[in-house]
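First comes the structure, then the notes that go with it.
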Amino acid sequence: MNRPLLLAFTALLSLETFSQIITDRPDQTESSSTIPVNSLQLETGFVWESIEQGEEKVFAGPSVLLRYSINRIVELRAFNQYENHFINTGNHKIHGLSDLELGLKLQLVKKDSCQTEVALLSHAVIPTALAQLSNQNLGNITKLCVSHSITSWFGLG
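The numbers in this note's numbering rise by one with no breaks, and the one at position 64 of the sequence shown is 146.
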């Protein structure tokens, strides 16, 4: 077997192995699974939105979510993003880092015999942003994440 073909085959096998991660699209969706023990996962994304019929446009990105699993039940998380707000009335611009979010995900239900997974996700919002990008108060975001596999390729949640 020639060397380039062997390298291509090895690369394809490794892609299959690494493509099986479960992601939480930062600030968009949350999965009901924690990552494998002692794993560090970095997830990034971008968001573009128009508010009040174009009066304000927001570009958020890169959003960065760091996930580290200390055991099969607990995952530590840190989230932050760069935001750029453009307000049409007065051509006003605000930009900077958003408030820092620190939290964890607790895997409540995950069994091989059960097709349903449940996790509790909670982040403390720490007011680290500029006053224009923050309400300057400590906060909390808590979500119950549930998923149910119907087949090997289709699920809810």
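The C-beta atom is built at its ideal place from N, Cα and C for all residues, glycine as well.
Output the distance between the C-alpha atoms of S101 and N173, rounded to the nearest integer angstrom.
Sequence index remark: in the sequence shown, residue 101 carries index 19 (1-based). Sequence index remark: in the sequence shown, residue 173 carries index 91 (1-based). At S101 the pLDDT is 49, less than 50, meaning the model places this residue with poor confidence; the figure from the coordinates comes in the next sentence. CA-CA distance, S101 to N173, rounds to 43 Å.
Just to confirm, is the Cβ distance from K139 to F161 under 8 Å?
For the purposes of this step, residue 139 is taken as residue 57 along the sequence shown, with counting starting at 1. For the purposes of this step, residue 161 is taken as residue 79 along the sequence shown, with counting starting at 1. The answer is no: Cβ separation not under 8 Å.
Quickly, what does DSSP pair S132 with across the bridge? List them, please.
Translated into the one-based positions of the sequence shown, residue 132 becomes position 50. S132 has K139 as its beta-bridge partners, per DSSP.
With 16 as the cutoff for other CB atoms within 10 Å, does R85 come out buried or exposed?
Against the sequence shown, residue 85 aligns to sequence position 3. Burial is judged here by how many other beta carbons sit within 10 angstroms of a residue's own beta carbon; R85 has fewer than 16 and is exposed.
Can you tell me where the beta strand (DSSP E) with R159 in it begins and where it stops?
Along the sequence shown, one-based indexing puts residue 159 at 77. R159 -> beta strand (DSSP E) spans 156-169.
Write down the C-beta distance between Q214 and I176 rounded to the nearest angstrom, noting that I regard them as a contact closer than 8 Å.
Locating residue 214 in the sequence shown gives position 132, where the first residue counts as 1. Locating residue 176 in the sequence shown gives position 94, where the first residue counts as 1. Between Q214 and I176, the beta carbon gap of about 5 Å places them in contact (Cβ cut-off 8 Å).
Between V191, E165, E199, D181, which lies nearest to A206 when the distance is taken from Cα to Cα?
Here residue 206 refers to the residue found at position 124 when the sequence shown is read from its first residue. Among V191, E165, E199, D181, the Cα nearest to that of A206 is on D181.
Starting from the Cα of L188, find the closest Cα among L226, Q135, F128 and give me that residue.
Working through the sequence shown from its first residue, we reach residue 188 at position 106. Checking every option, the nearest Cα to that of L188 belongs to L226.
Go through its chain and collect everything with a Cβ distance to L202's Cβ below 8 Å, but skip five positions before and after it.
Working through the sequence shown from its first residue, we reach residue 202 at position 120. Closer than 8 Å at the Cβ level, and outside the excluded window around L202, lie K187, L188, L190, T224, K225, L226, C227.
Would K193 and S115 qualify as a contact pair, given that the criterion is a beta-carbon distance under 8 Å?
Sequence index remark: in the sequence shown, residue 193 carries index 111 (1-based). Sequence index remark: in the sequence shown, residue 115 carries index 33 (1-based). Against a cut-off of 8 Å, the Cβ pair of S115 and K193 comes out as no contact.
Any idea what DSSP makes of Q214, helix, strand or coil?
The residue given as residue 214 occupies position 132 in the sequence shown. Note: Q214 maps to helix in three-state DSSP.
Identify the continuous beta strand (DSSP E) that holds V207 and give its terminal residues.
Counting from one through the sequence shown, the residue named residue 207 turns up at place 125. In the DSSP assignment, V207 falls within the unbroken beta strand (DSSP E) covering 198-208.
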